[in-house]
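Reminder that position 65 of the sequence shown reads as 67 in the numbering used here, one-by-one numbering, no gaps. We put the beta carbon where it would ideally sit given N, CA and C, even for glycine. What follows is a set of notes on a single structure, which appears directly below.
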Amino acid sequence: MMALLIYQVMFFDSKLSRMRFIKLNMEVVAVFGDLFYLINVSEISDDCNGLLRRALVDCSWTKCSSKTRRDICMLLRRVQRSHHMKFYDGAIVLSRVYFMNILKIAYSFVNFARITGLGYYSNK
3 MMALLIYQVM FFDSKLSRMR FIKLNMEVVA VFGDLFYLIN VSEISDDCNG
53 LLRRALVDCS WTKCSSKTRR DICMLLRRVQ RSHHMKFYDG AIVLSRVYFM
103 NILKIAYSFV NFARITGLGY YSNK
């Protein structure tokens, strides 16, 4: 979807009215901004998970009562995994690496369209 938005903005800019061009640009910024915000929240969640893991490991939990040690062991098991947001049973993991891959794919699609002459420039 992002590649198609960028494609429209880059190749059909001279055929679009000014308002339509501004609308498409705002849509591109909004889609990328929303996705980056969601991915950033996922990264913050994983960072907080790491901080919690570090705090649990560094505290002297071995000196606590057995019930407290059991609870801390359960917490340690939970925080040892990554806590990035996942979709489709872990097939899509939202991280900054994923965001960069999306940008690379969109950019390579637009370059492919430009090089092969797809779109507006092929009609000249």
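At the level of alpha carbons, what is the spacing between D36 and M102?
Counted from its first residue, the sequence shown places residue 36 at position 34. Counted from its first residue, the sequence shown places residue 102 at position 100. Approximately 14 Å between the Cα atoms of the pair.
Go through the region 18–98 residue by residue and report every complete run of the alpha helix (DSSP H) that reaches 4 residues or more, in order.
Correct list: 20–60 and 68–81.
Apart from the five residues on each side of it in sequence, which residues of its chain come closer than 7 Å, Cβ to Cβ, to L77?
Taking the sequence shown and counting its residues from 1, the one referred to as residue 77 is at position 75. Cβ neighbours of L77 beyond the five flanking positions: L58.
Taking I41 and Y100 to be in contact with their CB atoms under 8 Å, please state how far apart those CB atoms are, rounded to whole angstroms.
Numbered from its first residue, the sequence shown carries residue 41 at position 39. Numbered from its first residue, the sequence shown carries residue 100 at position 98. With 8 Å as the limit, I41 and Y100 qualify as a contact, their Cβ atoms being about 7 Å apart.
How about V81 and N51: do their beta carbons lie closer than 7 Å?
Walking along the sequence shown from the start, residue 81 turns up at place 79. Walking along the sequence shown from the start, residue 51 turns up at place 49. Contact: yes.
Taking S97 and H85 to be in contact with their CB atoms under 8 Å, please state how far apart those CB atoms are, rounded to whole angstroms.
Translated into positions along the sequence shown, residue 97 becomes position 95. Translated into positions along the sequence shown, residue 85 becomes position 83. Contact doesn't hold; Cβ gap of about 11 Å is too wide.
Just mark A155 as buried or exposed, buried being the case when its beta carbon has 16 or more other beta carbons within 10 Å.
Because the chain here runs from 3 to 126, residue 155 falls outside it and cannot be looked at.
Excluding sequence positions up to five away, which residues of its chain have a Cβ less than 7 Å from the Cβ of S44?
As a first step, residue 44 must be located in the sequence shown, where it is residue number 42. If we look at S44 and ignore the five residues flanking it on each side, its Cβ neighbours are H86, M87, L96 and S97.
Just to check, is the beta-carbon of S110 closer than 6 Å to a non-hydrogen atom of the ligand ZN?
Ligands displayed in this structure: none; no statement on the ligand ZN is therefore possible.
Going by beta-carbon coordinates alone, are I8 and A108 separated by less than 7 Å?
If you number the sequence shown from 1, residue 8 lands on position 6. If you number the sequence shown from 1, residue 108 lands on position 106. Their beta carbons are under 7 Å apart, which means I8 touches A108 by this criterion.
Can you give the Cα-Cα distance for D60 and N27, rounded to whole angstroms?
Looking up residue 60 in the sequence shown gives position 58. Looking up residue 27 in the sequence shown gives position 25. Their backbone Cα atoms lie some 49 Å apart in a straight line.
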